[in-house]
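In the numbering used here, the protein residues as written are 45 to 293.
Take a look at the structure:
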């Protein structure tokens, strides 16, 4: 068995003296593990960092075997990503989200979205918006997508500012007014009628509260899991970075 594919490094686990088991999210073969011999060498260590883009050749005698990877770097973004607190926590959280996907099950749209997210992760606030959108995409990919385009109560498509915690559907300002304290807030940058850059720090907090609520209910708690420490670390790092910018203005 042999195939070649694009991949993004999710994690590396040492195996023996000089080898490692490397976990990739690949474009056409999904989340896939393989043994990399010589992974501890000075040439391979920089390539096998989370967030890096690689070209991988996987070989095994049988399809169900672990197999081996031969890896070459294509997009070495790890150095830049690991140069900031939000980058370190963000890459870890993105990898944790990708691990929710079944192993060896192709999810090409998620792969492409993860690539775009990692390529545009320099600015803390922008990275936060990207991660929230990625969490929403993962909910949809796992079968728990939210309907943020029409009001769950009236069918309206304008002035959607809430989300129902019961249905996962958007709710308009008018329909949600009588019970607004029981609804989740829909941040500006996730609304269909708002510009992509029109968001505030409160919007980011609302976005994390929104995706976090549905992740726990539908994905994590049924598996006996909770949010990763990296998610909390990422949120805190983003807010610290925003506070520094605000104080410098």
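Where a beta carbon is used, it is the ideal one built from N, C-alpha and C, also for glycine.
DSSP places residue 216 within a strand segment (E or B) once states are collapsed to three. For residue 112, the secondary structure class from DSSP, reduced to helix, strand or coil, is strand. Within the same chain, 270, 271 come within 8 Å of residue 260 by CB-CB distance, once the 5 residues on both sides are set aside.
Between the beta-carbon of residue 74 and that of residue 177 there is about 21 Å, and that puts the pair past the 8 Å contact cut. In this chain, the beta strand (DSSP E) harbouring residue 193 covers 191-195.
For residue 186, there is no enclosing beta strand (DSSP E), as DSSP gives it neither H nor E. Boundaries of the beta strand (DSSP E) harbouring residue 78: 74-80, taken from the DSSP string. Look at residue 225 here: in three-state DSSP terms it is helix. In the structure shown, residue 127 adopts coil according to DSSP, grouped into three states. Here residue 56 is not near residue 95, since their CB atoms are 8 Å or more apart.
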